[in-house]
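Engineer:
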Amino acid sequence: MRALPATVLAVCGLIASACGGTGTGGAAAGQAAPATTAGQAPAAAQAKDAPPEAKPLDGKVVVIDPGHNGGNYRAPKEINRKVNVLTQMKACDTTGTSTNDGYSEAAFTWDVSKRLQKILKKRGATVKLTRTSNDGVGPCITERAAIGNKAGADAAISVHADGSAPANRGFHVIMPKKIKGPVDKVVADSSSLGMAVRDAFRKGTGLPYSTYIGRKALDYRSDLGGLNLSTVPKIFVEAGNMRNATEAAKFRDPKFRQKIAVALANGLQHYLQA
């Protein structure tokens, strides 16, 4: 209900019957509303000038790395060139996998990442993606790590889906190991991030822990450039097995991809607010 102006209330106080007031104890019962203090803005103006309500991820920076890229298949020479990931030389990037009917991992990771970006922004985070479309090439795994480092991300997440044997099921989270390299100082934080995302992903999607990799959906590796070269807390999420018919059907469903994005956002938020 909108408050009456003080002048109207004052008149009502003098002529209580005209405003329908009877009894005692209020402006309508013969007591004029207190006058506005000199120099003090009216309540409506104060509300208008009040700072916006804080969001849960205000001030946080998140980098999302959608795995692969839709145009990688067109540039085999570029994506196959070797880059140094400190523990070995690896291909700059790969094409990724796909469902048996051709829905590519690159398309899946791009869609989920855009959904995740939108959710995190609504929660107040500053969000940067490592690629801007799904029809380009790369960037290399070394560049993907560098983007997170340059942004000074509070958390970075690389979104993927696996391409394993059809009978294999479930999701897993990949975290870095110490390698006497730049990632060493964030290995512990990356592990905390990974467990927070693992728990939220399981709760939010209902997908099982991987039946074929890791222990309770947690896997630690030292051969991934995106992790080895990171100086900010970072993980990879393998959302499931695209070669498994049950999971492939889920990944093709936009509503389920939204579920995945919400689950990832919840895991990131839990970590960032811990």
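Under mature numbering (1 follows the signal peptide of the UniProt record, and there is no 0), the letters of the sequence shown match residues -18 to -1, 1 to 256, in that order.
We put the beta carbon where it would ideally sit given N, CA and C, even for glycine.
Is the beta carbon of Gly145 less than 8 Å from the beta carbon of Thr79?
Structural biologist: The answer is yes: Cβ separation under 8 Å.
Engineer: Taking Pro158 and Thr213 to be in contact with their CB atoms under 8 Å, please state how far apart those CB atoms are, rounded to whole angstroms.
Structural biologist: Their Cβ separation, rounded to whole angstroms, is 11 Å, which puts Pro158 and Thr213 out of contact at 8 Å.
Engineer: Strictly by DSSP, which residues pair up with Asp47?
Structural biologist: Looking at the DSSP assignment, Asp47 forms a beta bridge with Ser140.
Engineer: Name the two residues that bound the continuous beta strand (DSSP E) containing Leu246.
Structural biologist: Where Leu246 is concerned, there is no enclosing beta strand (DSSP E), although the alpha helix (DSSP H) it sits in stretches over Pro236 to Gln255.
Engineer: For the alpha helix (DSSP H) that contains residue 258, what are its first and last residues?
Structural biologist: Here the chain comprises residues numbered -18 to 256, so residue 258 is not present and cannot be evaluated.
Engineer: As an exercise, report each continuous beta strand (DSSP E) stretch of at least 3 residues that is fully enclosed by the stretch 102 to 169, in chain order.
Structural biologist: Those beta strand (DSSP E) runs which fall completely within the stretch 102 to 169 and span 3+ residues are 108 to 111, 137 to 144 and 154 to 158.
Engineer: Per DSSP, which one or two residues make a beta bridge with Arg203?
Structural biologist: The partner list for Arg203 (beta bridge, DSSP) reads Pro158.
Engineer: Whole angstroms are fine: how far does the CA of Ile129 sit from the CA of Ser174?
Structural biologist: If you take the alpha carbons of Ser174 and Ile129, they lie about 21 Å apart.
Engineer: Applying the 10 Å Cβ sphere with the 16-neighbour rule, what's the burial state of Thr112?
Structural biologist: Buried, because 16 or more other Cβ atoms sit within 10 Å of the Cβ of Thr112.
Engineer: Which of helix, strand or coil does DSSP assign to Lys42?
Structural biologist: Three-state result, Lys42: coil.
Engineer: How many Å lie between Glu87 and Lys37 at the Cα?
Structural biologist: The straight-line gap from Cα to Cα measures roughly 32 Å.
Engineer: Can you look up Ile61 in the DSSP assignment and give me helix, strand or coil?
Structural biologist: Residue state, collapsed to three classes: helix.
Engineer: Taking the C-alpha atoms as reference points, what is the distance between Ala133 and Ile242?
Structural biologist: Each residue's Cα considered, the two are about 24 Å apart.
Engineer: Going by DSSP, what residues sit across from Lys96 in a beta bridge?
Structural biologist: Answer by DSSP bridge pairing: none, since Lys96 is not bridged.
Engineer: Would you say Ala231 and Pro148 are within 8 Å of each other, going by their C-beta atoms?
Structural biologist: Taking 8 Å as the Cβ cut-off, Ala231 and Pro148 do not qualify as a contacting pair.
Engineer: So, for Asn54: in the same chain, excluding its five sequence neighbours on each side, which residues have a beta-carbon less than 8 Å away from its beta-carbon?
Structural biologist: Closer than 8 Å at the Cβ level, and outside the excluded window around Asn54, lie Ile61, Asp75, Thr76, Thr77, Gly78, Ala88, Val119 and Gly120.
Engineer: Would residue 266 and Leu254 qualify as a contact pair, given that the criterion is a beta-carbon distance under 8 Å?
Structural biologist: Because the chain in this structure spans residues -18 to 256, residue 266 falls outside the shown range and cannot be described.
Engineer: If I measure Cβ to Cβ from Leu102 and keep anything under 6 Å in the same chain, skipping five residues before and after, which residues do I get?
Structural biologist: Hits under 6 Å: Val44, Val109 and Ala247.
Engineer: Tell me, to the nearest whole angstrom, how far the beta carbon of Val169 is from that of Asp201; I am working on the premise that it is less than 8 Å.
Structural biologist: Not really, about 14 Å apart at Cβ, beyond 8 Å.
Engineer: CA-CA distance, Ala15 and Ser95?
Structural biologist: Below a pLDDT of 50, predicted positions are generally treated as unreliable, and Ala15, at 44, falls in that range; no measurement from the model is reported.
Engineer: Output the boundary residues of the beta strand (DSSP E) element that contains Met222.
Structural biologist: What sits at residue 222 in the sequence shown is Gly, not Met. Taken as a continuous stretch (DSSP letters only), the beta strand (DSSP E) holding Gly222 covers Lys216 to Asn223.
Engineer: With DSSP as the reference, label Gly66 as helix, strand or coil.
Structural biologist: It should be pointed out that residue 66 corresponds to Asn in this sequence rather than to Gly. Strand, per DSSP.
Engineer: Would you kindly report the start and end of the unbroken beta strand (DSSP E) that includes Lys72?
Structural biologist: Met71 to Ala73 is the extent of the beta strand (DSSP E) around Lys72.
Engineer: Beta-carbon within less than 8 Å of Ala256's beta-carbon, same chain only, minus the 5 sequence neighbours each way: which residues are those?
Structural biologist: Excluding positions up to five away in sequence, the list reads Ser174 and Ala178.
Engineer: With a CB to CB cut of under 6 Å and the five nearest residues on each side skipped, what residues in its chain are close to Asp181?
Structural biologist: If we look at Asp181 and ignore the five residues flanking it on each side, it has no Cβ neighbours.
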